[in-house]
Each structure stands twice: as structure tokens, then as C-alpha cells.
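Chains as they are written, first to last, in the numbering used here: chain A, 1 to 100; chain B, 1 to 476.
Scroll down for the structure; my scribbles are underneath it.
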């Protein structure tokens with residue numbers, strides 16, 4: 001059996017890749033994909049812990065996370081489309097009317 | 001794990017809000033959009049839910065297999081959210097009409113957002129906190145971008161969505177690590193497991209990530225960058241709702257998790273909260289000094305207020321919690337009222353939002369100017385008004401918990417804040433009206449709502465014991 005640490009390390013690395021992606025990429029869609037990567041790394045952590053602890057509630061939480069991520073994807077893409085129709089760009093550097 | 005009738009009865013406020021939301025949803029989708037009917041149905045349902053919540057302020061009981069904690073604590077917040085939502089709808093009706101937005105769908109989203117907030121305040125399980133936060137946030141992302149043909153609204157919505165989803169990632173990772181170290185997501189069980197894991201790296205990392213997620217939702221430094229942009233770009237009454245309801249909901253979750261799990265013992269978490277509080281008070285107030293757009297100014301002031309409230313949590317004592325809960329209620333009234341007035345005076349295309357547009361307001365609109373002055377004095381924390389006692393309670397709790405330095409920073413920061421609040425009042429009362437300013441007719445419903453808020457701010461300031469007694473009842 002693969003020890004728990006392996007799952008935790010893989011998911012931690014995925015989480016960091018996602019977080020770095022959110023900070024460094026300028027395309028709204030890519031940023032959104034990076035966020036999804038973060039959520040999925042959390043799912044991997046949860047499933048790993050759940051199997052290790054022999055407790056189902058972690059896996060139940062994963063189902064909720066997937067459902068919420070789907071809802072978030074629907075809303076997020078709708079927002080990006082609304083913005084693209086107005087400005088014809090999804091580059092975050094060009095979306096900058098609001099600033100101090 | 002059975003569901004009993006008593007569970008359903010104890011959670012009556014939730015069910016009323018859900019039913020109202022579904023009724024409005026069906027009405028909107030089958031009979032064509034009718035903002036008037038939808039808004040009044042929503043107001044009726046939310047008022048009923050607020051009354052249902054206020055009739056049950058007794059001890060907390062675990063319901064639905066320990067997922068929810070119904071009773072006083074949840075219902076205090078539930079009533080607060082429902083009343084904020086009612087006022088937001090009363091302001092929105094007129095605002096949407098003047099901004100040429102004739103649709104009722106906003107009220108459905110407001111109802112579901114309110115429901116999410118109520119779930120957060122009642123949750124006894126990290127899963128419920130996550131679901132509540134997401135239900136609230138997803139509705140608020142859409143509400144921020146409600147005017148989808150306007151650049152500002154779009155941009156606010158996108159920024160809120162991307163940063164909000166980013167913060168959700170941290171929150172969830174925190175939940176996952178806490179689950180891994182304690183083997184449970186139930187807050188009461190985590191409390192029992194706490195002595196065994198209090199020095200576990202996994203648990204501490206998880207708590208830190210969870211704290212970062214919550215700090216984002218209450219807009220505390222260093223996770224505050226979204227707030228000014230989002231509050232400025234969103235429809236004004238919605239900004240008011242986000243700065244009061246959403247903030248109060250995140251504070252309810254903070255109290256539920258951190259006060260219940262960590263208890264009053266001195267530890268690293270309280271020191272981190274104290275640092276966040278100090279940074280929020282200083283940064284919020286300093287940047288607010290430089291603002292001329294009122295929505296943006298209030299956004300920075302709301303960051304500072306999140307800092308004041310965190311002072312009460314950093315104390316970690318019961319006094320601090322009482323202070324925070326009192327502060328949240330009166331802050332909601334003051335900020336909703338202020339955003340309501342700003343929304344009522346705003347003209348199309350985000351005009352009439354600058355500070356000098358308010359010059360001579362006391363001559364044009366004496367009642368609104370007087371109410372605005374009450375809210376601003378309250379936010380600044382002048383003695384006879386409710387805002388003063390909010391600050392007094394949290395700072396007193398900090399002093400008692402030997403956090404004197406934090407209380408001193410708080411008092412100095414609120415002195416600084418008096419400058420920009422008073423500047424608006426100076427413009428309203430001592431400057432001449434600009435020649436090009438257009439007269440605006442403000443309907444009676446908005447006037448009366450504003451006056452109601454102002455009277456409550458005065459009353460709760462003169463008789464703070466009304467709220468404090470209620471808080472004492474629901475906490476102990």
C-alpha cells in the first residue's frame with residue numbers, strides 16, 4: 001500500500017502549482033483553471049486522509065466540493081463571457097478601471 | 001442520525017427563507033419578471049424569518065445529526081442577516097428602477113445569499129461552514145455583476161469571483177488538514193480533540209489556512225485587496241449588503257471555529273489575529289484618508305472596522321465576543337444606512353459619488369443629510385451613538401486581556417478615521433451647493449428606511465444594554 005505521505009506531498013505540490021498559477025498568469029481563464037487545480041488538490045488530500053483514517057466524512061466533503069466547483073465554474077464562465085462581450089479581452093492587466 | 005420534527009421546527013427561519021426564495025424563483029420564471037411582486041414577497045418572507053428567529057433566542061441545540069447548531073447564537077445572526085436583507089431590498093427597489101434595471105432576479109439571489117449567511121452562523125460542522133460560505137459567495141459574485149452591461153460592474157464581479165474562489169481554495173485546504181489531523185469535521189469533536197493536536201504541525205497549518213480564508217471574507221489586511229474595487233463597482237445597495245451581511249457571516253464563522261475550538265487560552269492564533277487587527281485598522285484608515293469616491297471611502301473604512309472587530313476576537317474572552325456581536329449589529333445599521341443614502345443620491349453611470357457632490361446637501365435634503373451625519377458620527381465612534389459602545393466594548397476586552405498595545409492602536413486609528421468622516425459632514429453642512437448639481441427626488445420608502453436606521457443607531461447608543469442583554473442570553 002502506498003503510504004499517506006505520498007498523497008499529501010503530491011496534493012501539496014498541486015496546490016502550490018495552482019496558487020502560483022493564480023498569482024502569475026494574466027489570462028482570466030487560465031487563472032480560473034489554476035483555481036480548479038487548487039480545489040482538486042484539496043480533494044486528493046481529503047480522499048487520502050479519508051482512506052487512511054477509515055472515515056467516510058472526508059469523501060462526502062469531496063462530493064460537496066465537486067458540486068460547488070461545478071456551480072462556481074458555471075458562474076465564473078458566465079462572468080468571463082459577460083466581460084469578454086464588453087471588452088473583447090480576458091487579459092487581467094487590461095481590466096483595470098477600478099483602482100485607487 | 002434521524003431527522004426529527006423538532007429539528008425542522010427549530011430551524012424555522014431557514015425554511016421560511018428557502019420557501020420564499022423558491023416561491024420568488026417560480027414566480028419570476030413562470031409569470032414573467034415582476035420586480036414589484038418579487039421584492040415585496042421577499043421582504044415579507046425575510047421579515048417573517050426575522051420574527052421567527054427573534055422568538056427563539058434560547059440555548060443552542062444540535063440539530064440534523066450535529067450538522068447545525070440551532071438556537072440563540074444562530075438566530076441572533078439569522079435575524080441580523082434577514083433585517084439587513086430587508087433594508088437592502090427596500091433600498092434596491094428604488095435604486096434599480098432609477099438605474100433602468102427592471103428585473104426581479106436580484107431578489108432571488110439576495111434571498112439565497114441570506115440563506116447562505118444563516119447556514120454559516122448556525123453551522124456546527126466545517127462542511128456546513130464551507131457550503132454556507134459558497135452559497136453566499138456565489139450569489140454575491142452574481143449580484144456584484146448585476147449590471148452586466150457596465151464595465152465597472154463586470155470588473156467588480158470578475159475580481160470578486162477570482163479572488164473569492166482563490167480564498168475558497170485556502171479555506172478548503174485548511175479544512176482538509178484539520179480533518180486529517182483530528183479525524184473529524186465536527187466543530188464540537190475538534191474541540192475535544194484539540195488538546196491532543198494543539199502542537200501538531202498539520203493542525204496548525206490547517207488553522208492558519210482556515211484563518212486566511214476567513215480573513216479574506218471579512219476583508220482584513222493582508223487579504224483586503226478585493227474589497228475597494230468590488231464595493232466601488234457593485235450596485236450600491238449590494239455593496240452595503242456585502243459590507244455588512246457577508247462580513248457578519250464570516251465573523252460568525254470565526255467565532256464559531258476559533259473561539260469554540262481554541263478557547264480563551266493564550267496561544268499563537270490569538271497573536272496572529274491581533275496582528276491582522278492592527279494592520280487592518282492602520283491600513284484601512286490611512287488609505288481611506290486619500291479617497292474622494294464615497295463608495296471607495298466606505299470600503300476602506302469597512303476594512304478598518306473589520307480590524308476593530310478583530311480586536312474583540314484577539315482578546316479571546318467572552319467580553320470580546322459580546323463586543324464583537326454588539327459591534328456587528330450596530331455596524332450593519334450604520335453602514336447599510338450610509339450606503340442606502342449614497343445609492344439614493346447616485347445618478348446614472350456612477351455619477352454623484354464624489355465627496356464634493358455632497359456639498360450643501362443639508363440645504364437640498366435636510367433629512368437625509370442629518371441621517372448621514374448620524375451614520376458617519378456613529379462610524380467614527382462619537383459617544384452618544386451606537387458606534388461608540390461597539391468600539392468601547394472591544395477595546396475594553398483587549399485591555400482586560402492585556403493587549404494594551406492593540407487597544408492603543410485602535411483608539412489612535414479611530415481618531416484618524418474621524419478626519420475623513422467629518423470631512424463629509426463638513427461638505428454637507430458648510431459648503432455651498434455646486435451650480436451644476438441636479439436635484440434628485442428620493443421616494444418616501446427610502447427616506448423612512450434611512451430614518452429608521454438612524455433612529456436605531458441613536459437608540460442602541462443610548463440603551464446599549466438592549467443588545468448586550470440579548471447577546472448575553474444567546475452566548476451563555
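All residues carry an ideal CB built from backbone N, CA and C; glycine is no exception.
Test: residue i CB closer than 7 Å to a CB of chain A
i, result
"residue 100 of chain B", "no"
"residue 423 of chain B", "no"
"residue 180 of chain B", "yes"
"residue 148 of chain B", "yes"
"residue 62 of chain B", "no"
"residue 127 of chain B", "yes"
"residue 390 of chain B", "no"
"residue 358 of chain B", "no"
"residue 134 of chain B", "yes"
"residue 104 of chain B", "no"
"residue 185 of chain B", "yes"
"residue 145 of chain B", "yes"
"residue 28 of chain B", "no"
"residue 429 of chain B", "no"
"residue 534 of chain B", "Any property of residue 534 of chain B remains undetermined from this structure, which presents chain B solely from 1 to 476."
Straight-line gap, residue i to residue j (C-alpha atoms, nearest Å)
i, j, result
"residue 118 of chain B", "residue 74 of chain B", "7 Å"
"residue 478 of chain B", "residue 333 of chain B", "Here chain B covers residues 1 to 476 and nothing more, so residue 478 of chain B does not appear."
"residue 340 of chain B", "residue 294 of chain B", "12 Å"
"residue 143 of chain B", "residue 67 of chain B", "28 Å"
"residue 239 of chain B", "residue 289 of chain B", "20 Å"
"residue 277 of chain B", "residue 15 of chain A", "28 Å"
"residue 257 of chain B", "residue 134 of chain B", "17 Å"
"residue 411 of chain B", "residue 404 of chain B", "11 Å"
"residue 180 of chain B", "residue 354 of chain B", "50 Å"
"residue 218 of chain B", "residue 31 of chain B", "38 Å"
"residue 262 of chain B", "residue 448 of chain B", "43 Å"
"residue 83 of chain B", "residue 50 of chain B", "7 Å"
"residue 7 of chain B", "residue 81 of chain B", "21 Å"
"residue 55 of chain A", "residue 44 of chain A", "15 Å"
"residue 248 of chain B", "residue 121 of chain B", "9 Å"
"residue 450 of chain B", "residue 91 of chain B", "9 Å"
"residue 477 of chain B", "residue 324 of chain B", "Because residue 477 of chain B is not part of the residues shown, which for chain B are 1 to 476, the question remains open."
"residue 70 of chain B", "residue 85 of chain B", "20 Å"
"residue 31 of chain A", "residue 23 of chain A", "8 Å"
"residue 17 of chain B", "residue 158 of chain B", "28 Å"
"residue 14 of chain B", "residue 57 of chain B", "15 Å"
"residue 76 of chain B", "residue 260 of chain B", "17 Å"
"residue 473 of chain B", "residue 350 of chain B", "44 Å"
"residue 39 of chain B", "residue 438 of chain B", "28 Å"
"residue 20 of chain B", "residue 1 of chain A", "51 Å"
"residue 200 of chain B", "residue 87 of chain B", "45 Å"
Bridge-paired residues (DSSP) for residue i
i, result
"residue 90 of chain A", "Residue 90 of chain A pairs with nothing; no bridge assigned."
"residue 291 of chain B", "None; residue 291 of chain B has no bridge partner."
"residue 125 of chain B", "B/186"
"residue 68 of chain B", "B/63, B/123"
"residue 11 of chain B", "Residue 11 of chain B is not bridged to any residue."
"residue 27 of chain A", "A/91"
"residue 347 of chain B", "B/351"
Short CB-CB distance (under 7 Å) between residue i and chain B
i, result
"residue 38 of chain A", "yes"
"residue 94 of chain A", "no"
"residue 73 of chain A", "no"
"residue 46 of chain A", "yes"
"residue 68 of chain A", "yes"
"residue 54 of chain A", "no"
"residue 35 of chain A", "yes"
"residue 82 of chain A", "yes"
"residue 31 of chain A", "yes"
"residue 49 of chain A", "yes"
"residue 42 of chain A", "yes"
"residue 61 of chain A", "yes"
Exercise. Taking Cβ-Cβ distances below 7 Å as the criterion, which residues of the stretch 151-175 of chain B are in contact with chain A?
Worked result: Residues 151, 152, 154, 155, 156, 157, 158, 161, 162, 165, 166, 169, 172, 173.
For this session: State whether the stretch 36-51 of chain B contacts the stretch 201-209 of chain B, with contact taken as three or more CB pairs (one from each stretch) at a distance under 8 Å.
Result: Cβ pair count under 8 Å is below three, so no.
For this session: Check whether the stretch 295-306 of chain B touches the stretch 278-285 of chain B, counting contact only when three or more Cβ pairs, one atom from each stretch, lie closer than 8 Å.
Result: Yes, since at least three Cβ pairs between the stretch 295-306 of chain B and the stretch 278-285 of chain B fall closer than 8 Å, the two stretches touch.
Problem set entry | Sufficient close CB pairs (3 or more, under 8 Å) joining the stretch 26-43 of chain A to the stretch 119-131 of chain B | Judged by Cβ distances under 8 Å, the stretch 26-43 of chain A makes no contact with the stretch 119-131 of chain B, as fewer than three pairs qualify.
Exercise. When the Cβ atoms of the stretch 149-158 of chain B are set against those of the stretch 50-67 of chain A, are three or more pairs found closer than 8 Å?
Worked result: No: the two stretches stay apart, fewer than three of their Cβ pairs being nearer than 8 Å.
Exercise. Just checking, does the stretch 354-370 of chain B make contact with the stretch 429-438 of chain B on the three C-beta pairs under 8 Å criterion?
Worked result: Yes: the two stretches touch, three or more of their Cβ pairs being nearer than 8 Å.
Problem set entry | At least three beta-carbon pairs within less than 8 Å, the stretch 380-393 of chain B to the stretch 181-194 of chain B | Touching, no.
Problem set entry | At least three beta-carbon pairs within less than 8 Å, the stretch 193-201 of chain B to the stretch 233-252 of chain B | Judged by Cβ distances under 8 Å, the stretch 193-201 of chain B makes no contact with the stretch 233-252 of chain B, as fewer than three pairs qualify.
Exercise. Does the count of Cβ pairs from the stretch 447-464 of chain B and the stretch 375-383 of chain B closer than 8 Å reach three?
Worked result: Contact between the stretch 447-464 of chain B and the stretch 375-383 of chain B is present, because at least three Cβ pairs lie under 8 Å.
Exercise. Closer than 7 Å, Cβ to any Cβ of chain A: which residues of the stretch 205-230 of chain B, in chain order?
Worked result: So the list reads 228, 229, given in the order they occur along the chain.
Problem set entry | the stretch 329-352 of chain B: positions lying closer than 8 Å to chain A by Cβ | Under the 8 Å Cβ criterion, the stretch 329-352 of chain B contributes no residue.
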